Amino acid sequence: MNRTKILGIYEDHEVLLEALDKVQSKGFKVKDVFSPFPIHEVWEKLDLHTRIPYATFIYGASGTAMTFAFLYWSSVVNYPLKFGGKPLNTLSFVIIMFVLTILVGTIMTFLTLLWRQRLYPGRKVEMPDPRTVDDKFALVIEKTDDLDDKKMEELNTLLKETGAIEIKESNVQYYEK
Amino acid sequence: MDKKLQLSGKFKTAMFVLIAIGIVTVVVGLIQNPVRMWANLLLNNFYFFSLAIGAAFWLAIQAITQSGWSAGLLRIPQAMSNYLIVSMILWALMFFGVHDLYPWTHADAVAHDELLQHKHPYLNLTFFAVRYVVFFLLWIYLTQRIRKLSLEEDKHGGLTYFYKIEFLSKVFIFVFAITFSLFTVDWLMSLDPHWYSTIFPMKYFMSSFYHGSVIITAIVVILWKQGYLPFVNKSHFHDLSRYIFALGIIWAYLWFSQYLLIWYANIPEETIYFVPRTLSYFKFFFYAEVVVNWLFPFLFLMWNRIAKNPNALLFTAVVLSIGHWIELYMTIFPDTVDKHYIGWQEIGTQLGFWGLFALVVGWSLSKMPLIPKNHPYINESLHHHV
Numbered sequence: 010m011n012r013t014k015i016l017g018i019y020e021d022h023e024v025l026l027e028a029l030d031k032v033q034s035k036g037f038k039v040k041d042v043f044s045p046f047p048i049h050e051v052w053e054k055l056d057l058h059t060r061i062p063y064a065t066f067i068y069g070a071s072g073t074a075m076t077f078a079f080l081y082w083s084s085v086v087n088y089p090l091k092f093g094g095k096p097l098n099t100l101s102f103v104i105i106m107f108v109l110t111i112l113v114g115t116i117m118t119f120l121t122l123l124w125r126q127r128l129y130p131g132r133k134v135e136m137p138d139p140r141t142v143d144d145k146f147a148l149v150i151e152k153t154d155d156l157d158d159k160k161m162e163e164l165n166t167l168l169k170e171t172g173a174i175e176i177k178e179s180n181v182q183y184y185e186k
Numbered sequence: 030m031d032k033k034l035q036l037s038g039k040f041k042t043a044m045f046v047l048i049a050i051g052i053v054t055v056v057v058g059l060i061q062n063p064v065r066m067w068a069n070l071l072l073n074n075f076y077f078f079s080l081a082i083g084a085a086f087w088l089a090i091q092a093i094t095q096s097g098w099s100a101g102l103l104r105i106p107q108a109m110s111n112y113l114i115v116s117m118i119l120w121a122l123m124f125f126g127v128h129d130l131y132p133w134t135h136a137d138a139v140a141h142d143e144l145l146q147h148k149h150p151y152l153n154l155t156f157f158a159v160r161y162v163v164f165f166l167l168w169i170y171l172t173q174r175i176r177k178l179s180l181e182e183d184k185h186g187g188l189t190y191f192y193k194i195e196f197l198s199k200v201f202i203f204v205f206a207i208t209f210s211l212f213t214v215d216w217l218m219s220l221d222p223h224w225y226s227t228i229f230p231m232k233y234f235m236s237s238f239y240h241g242s243v244i245i246t247a248i249v250v251i252l253w254k255q256g257y258l259p260f261v262n263k264s265h266f267h268d269l270s271r272y273i274f275a276l277g278i279i280w281a282y283l284w285f286s287q288y289l290l291i292w293y294a295n296i297p298e299e300t301i302y303f304v305p306r307t308l309s310y311f312k313f314f315f316y317a318e319v320v321v322n323w324l325f326p327f328l329f330l331m332w333n334r335i336a337k338n339p340n341a342l343l344f345t346a347v348v349l350s351i352g353h354w355i356e357l358y359m360t361i362f363p364d365t366v367d368k369h370y371i372g373w374q375e376i377g378t379q380l381g382f383w384g385l386f387a388l389v390v391g392w393s394l395s396k397m398p399l400i401p402k403n404h405p406y407i408n409e410s411l412h413h414h415v
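So the sequences go chain by chain: A and B.
The numbering of the first sequence is the numbering used here, which starts it at 10 and goes up by one.
The numbering of the second sequence is the numbering used here, which starts it at 30 and goes up by one.
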């Protein structure tokens, strides 16, 4: 469900982190943070989680299994050709399995990421404030039903106090879970 | 910040008891079965020597990369590299056992063996002893110099010491790479003087870096639990476990490279190395070496939450110290005693050496302030956050 969002624009990431703490301690729920570069602290402060590593593990493991299955089928079952006195089901599989584990793991993770974010060539990305890919940082607070005029007032002063250079509302729908 | 480690009387007594167990085991073992005991002594000497030199290498890497996160932990590898002095003394005793371990030291064996005659200019006892002295003096000089400079830095501050340490570390890694390779060739590979592998020294080089990092991690966790190093947080633990994880993979890579090339080429004089190791009673340890040293940390530390958990890291360190033992056991025992032994001799000697190592490291740590206070990046380490 898409709601109007209140954006506090900041100019410095240290200021933003302090503001994030203050806004959260006053009981407002910060929905998101936009920044030109990744800030690790935001992860912990917003309590964000990702399941991408699990996906990568599964892709890697299935990459190993599938590569082994293919090698076994091609050089043991379908076309058993002995060379160099080595057994058909050999140790030299390991190198190909190792390399393809990495390849399958990375490519599939990358595709998963694109799919989850609905990113594809030519997609026009919508964001509440395009300046956040340049040099500005934005705190996003969702305008929920319990935010009445009094609370809005409080939030506005709070954002001002913590160093926001601009406060604005935005209706842009950016992708969320 | 100037807090020093206080060694409790209990700890010292326990370590002295371990050393006493070790001494009794060694003496009784030397009377009963000298070859087995010399093999044990070589194993344990190399085990703890490689922990010490691996820690010194770890220290050098921190200085060269100008790492900030580890600035507060530098005293631990410094204390570990102090063990090199003790190791040099203990290693001198090994010369009484060379005839029991190294076939090329027997004049009659060399006389009837063309290959050993060919190798004689390098593999002879005089040059062997000279190399031992020169290598150890080089390592001790460089590591002690780095440690002294770091202590001076504590007193005076400034950037000069930082750059001096960085320069010395650069010298050290080159010296280390060459001398350590030759040292493994001397003491481990020449156990079977007919066999050679060019990747062999690299594997032990990586193993020493790997297991050195593991023991550094273990000491950090133990000190942190005791209340020293209050600044250490999840980020430090995560960085340390990344070292273990990455080095475990590189270790397996080298192990496999050596095995695969020998297996693929299938030349009798090369495959002979793996015959006693894979076909006889050593088979179990042959697989255990890879499973414990690579598969276990690879799967265990892969999970983010475990990688940051100090107790899990301590557990990993215990398992990997067994893995290090198995690795050296597989290197030394099939070539020397060529019978599968694990008994009170092996356990007793290992315990004695652990006591000595812990005592030396603990004592060195208690002699200097635990946190280097004037390191230029110390604040980055105290507030490390990823």
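Glycine residues also receive a C-beta, built at the ideal position from the N, C-alpha and C atoms.
Predicted, not measured: the structure shown is a model, and the values here were computed from it.
Check: What is the DSSP secondary structure of residue 29 (chain A), counted as helix, strand or coil?; Outcome: helix
Check: Can you tell me which residues form a DSSP beta bridge with residue 90 (chain A)?; Outcome: DSSP, once it has assigned bridges, lists no residue as partnering residue 90 (chain A).
Check: Excluding the five sequence neighbours on either side, which residues of its own chain have a C-beta within less than 7 Å of the C-beta of residue 167 (chain A), listed in chain order?; Outcome: 31, 32, 35
Check: Just to confirm, are residue 51 (chain B) and residue 391 (chain B) a CB contact at a threshold of 9 Å?; Outcome: no
Check: Hey, does residue 414 (chain B) have any beta-carbon neighbour from chain A nearer than 9 Å?; Outcome: yes
Check: Specify the secondary structure class of residue 173 (chain A) as computed by DSSP and reduced to three states.; Outcome: coil
Check: Quick check: residue 76 (chain B) and residue 95 (chain A), are their CB atoms within less than 9 Å of each other?; Outcome: no
Check: So with Cβ pairs under 9 Å, would you call residue 22 (chain A) a contact of chain B?; Outcome: no
Check: Taking 9 Å as the threshold (beta carbon to beta carbon), is residue 94 (chain A) in contact with chain B?; Outcome: yes
Check: Do the CB positions of residue 250 (chain B) and residue 339 (chain B) come within less than 9 Å of each other?; Outcome: yes
Check: So residue 131 (chain B) and residue 219 (chain B) are in contact, right, with Cβ under 8 Å, and what is the actual spacing, rounded?; Outcome: 6 Å
Check: Assuming residue 16 (chain A) contacts residue 176 (chain A) under a Cβ cut-off of 8 Å, what Cβ separation, rounded to an integer in Å, is found between them?; Outcome: 7 Å
Check: Please work out which residues of its chain come closer than 6 Å, Cβ to Cβ, to residue 58 (chain B), disregarding the five sequence neighbours upstream and downstream, and give them in chain order.; Outcome: 66, 374
Check: Among the candidates A:41, A:145, A:98, whose CA atom is the shortest distance from the CA of residue 190 (chain A)?; Outcome: Residue numbering for chain A in the displayed model covers 10 to 186; residue 190 (chain A) lies beyond these limits and cannot be assessed.
Check: Quick one: grab the DSSP three-state call for residue 148 (chain A).; Outcome: strand
Check: Report the three-state DSSP secondary structure of residue 43 (chain A) (helix, strand or coil).; Outcome: strand
Check: For residue 42 (chain A), which residues in chain B fall below 8 Å Cβ to Cβ?; Outcome: Here the premise fails: no neighbours, minimum Cβ distance about 17 Å.
Check: Against chain B, does residue 100 (chain A) count as a neighbour if the rule is that its beta carbon must be under 9 Å from one of theirs?; Outcome: yes
Check: Please report whether the beta-carbon of residue 303 (chain B) lies at a distance below 9 Å from any beta-carbon of chain A.; Outcome: no
Check: Tell me whether the stretch 194-202 of chain B and the stretch 78-89 of chain B touch, counting them as touching only if at least three CB pairs, one residue from each stretch, are closer than 8 Å.; Outcome: yes
Check: Identify whether residue 16 (chain A) lies in helix, strand or coil by the three-state DSSP scheme.; Outcome: strand
Check: CB-CB under 7 Å to residue 257 (chain B), same chain, minus the five flanking residues each way: which ones, in chain order?; Outcome: 32, 34, 399
Check: Can you pull the chain B residues whose beta carbon is under 9 Å from the beta carbon of residue 85 (chain A), in chain order?; Outcome: Chain B residues near residue 85 (chain A): none, gap ~18 Å exceeds 9 Å.
Check: According to DSSP, is residue 178 (chain A) helix, strand or coil?; Outcome: strand
Check: Can you confirm whether residue 235 (chain B), when its beta carbon is compared against all beta carbons of chain C, has any partner nearer than 9 Å?; Outcome: No chain C appears in this structure, whose protein chains are A and B.
Check: Closest to residue 112 (chain B) by C-alpha separation, out of B:236, B:207, B:165, B:150, would be which residue?; Outcome: B:165
Check: Report yes or no: do the stretch 42-51 of chain B and the stretch 258-276 of chain B share at least 3 C-beta pairs separated by less than 8 Å?; Outcome: no
Check: Using a Cβ-Cβ cut-off of 6 Å (strictly less than) and excluding sequence neighbours within five positions of residue 229 (chain B), which residues of its own chain qualify?; Outcome: 218
Check: Let me know if residue 38 (chain B) comes out buried or exposed under the rule of 16 or more other beta-carbons within 10 Å of its beta-carbon.; Outcome: exposed
Check: What is the rounded straight-line gap between the Cα of residue 186 (chain A) and the Cα of residue 126 (chain A)?; Outcome: Low per-residue confidence applies at residue 186 (chain A): pLDDT is 44, beneath 50, and the placement is therefore not dependable, though the value from the model is reported in the following sentence. About 9 Å.
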